[in-house]
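This note's numbering numbers the first residue of the sequence shown as 55 and each following residue consecutively.
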Amino acid sequence: MTRRQDLPGPQFDDLVRRLRAWPVSAWRHGDREAAARRALQQLADLTAPADADRPVPDAGVHALADQLVVLVADARRDGADPVAVDAVLAELTVVLGWAGRG
């Protein structure tokens, strides 16, 4: 279960809100879907044992935002380096073209 204290702050909430609002067609633009999937895998890798192969399942583009919420919560709960988690999220916002926007 995802607890509120496992999640980052309002910037993350805004990112998730924006991603959930996207229609499937918006994910097809440029590198958006691939960038989100890379971010999901990077988050999963932060909490996986070094020798583990833990691919994130493809649940469809409509589930990407929810997968992001779960994996960020898992990373925070499992003690992943918060700087590394924030770096993954920051890179995603840059690729999506949202860096520096309010």
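Don't be surprised by glycine CBs; every beta carbon is placed ideally from N, CA and C.
Element boundaries [alpha helix (DSSP H), containing residue i]
i	result
R92	R86 to T101
L122	L118 to R131
D64	Asp is not the amino acid found at residue 64; the sequence shown has Pro there. From DSSP, the alpha helix (DSSP H) with P64 extends over P64 to A75.
8 Å Cβ cutoff met for residue i and residue j
i	j	result
L150	L125	no
A119	R74	yes
V70	L122	yes
Euclidean distance between Cα positions of residue i and residue j
i	j	result
A138	L97	9 Å
L146	A153	9 Å
L61	A127	Summary for L61: the model assigns pLDDT 48, below 50, so the residue's position carries little reliability, and this model does not support an answer.
D110	D68	Sequence inspection shows Val at residue 110; the Asp mentioned does not correspond to that position. V110 and D68: Cα-Cα distance of roughly 23 Å.
Nearest candidate by alpha-carbon position, reference residue i, set the options
i	options	result
A134	A106, D140 and T101	T101
D99	A88, D132, Q65 and G84	D132
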